[in-house]
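Report on the following structure.
Numbering (mature numbering (1 follows the signal peptide of the UniProt record, and there is no 0)), first residue to last: -24 to -1, 1 to 121.
And the structure:
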């Protein structure tokens, strides 16, 4: 009897958590007729993104996230790997140029999106604004040690 109650309890709990997790899955802005969409990043900046993003520049924490999601979208490497570590990565990824924090080098890669992780403050927002030729979404706190 306890086993059946426990399974029922966890099934209901899982259903409730699933419903709450979908709560934030709404589109920030309407799709535009030109195939773009408007989003707001965690710094409160509103920007227009292409409806389909094919190329993404990432900084160090972002590279780990994007490698897990879709490594074919990444246009740069932000880590230098030892020969022993290189065995765990795709050859296509290892062939990408090592680029980190140089606005000129980032723009040469022509990314559709610049995905960075940093503490959100006036200085970091200003730096992201300087790169605003391309959308640069800021994510807070994920890179803290």
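Built from N, CA and C at the ideal position, the CB exists for glycine as well.
Keep in mind the model is a prediction, meaning the values are calculated, not measured.
Short Cβ contact (7 Å threshold) for residue i with residue j
i           : j          : result
residue 101 : residue 19 : yes
residue 54  : residue 68 : no
Sheet register partners of residue i (DSSP bridge)
i          : result
residue 74 : 53
residue 39 : DSSP, once it has assigned bridges, lists no residue as partnering residue 39.
residue 24 : 14
Integer Cβ distance of residue i from residue j, believed to fall under 8 Å
i           : j           : result
residue 27  : residue 12  : 6 Å
residue 14  : residue 33  : About 20 Å; that fails the 8 Å criterion.
residue 122 : residue 42  : Residue 122 cannot be examined here, being either before or after the span of the chain that is shown, -24 to 121.
residue 73  : residue 106 : That belief does not hold up - the Cβ atoms of residue 73 and residue 106 are roughly 21 Å apart, past 8 Å.
residue 66  : residue 47  : 6 Å
Assigned exposure category for residue i - 16 Cβ within 10 Å defines buried
i           : result
residue 90  : buried
residue 94  : buried
residue 87  : buried
residue 58  : exposed
residue 22  : exposed
residue 10  : exposed
residue 71  : exposed
residue 98  : exposed
residue 44  : exposed
residue 192 : Residue 192 is absent from the structure shown; the chain starts at -24 and stops at 121.
residue 16  : exposed
Three-state secondary structure (DSSP) of residue i
i           : result
residue 87  : coil
residue 102 : helix
residue 14  : strand
residue 33  : strand
residue -12 : Low local confidence applies: a pLDDT of 49 at residue -12 is under 50, so the model's placement there is unreliable, with the coordinate-based value given in what follows. Residue state, collapsed to three classes: helix.
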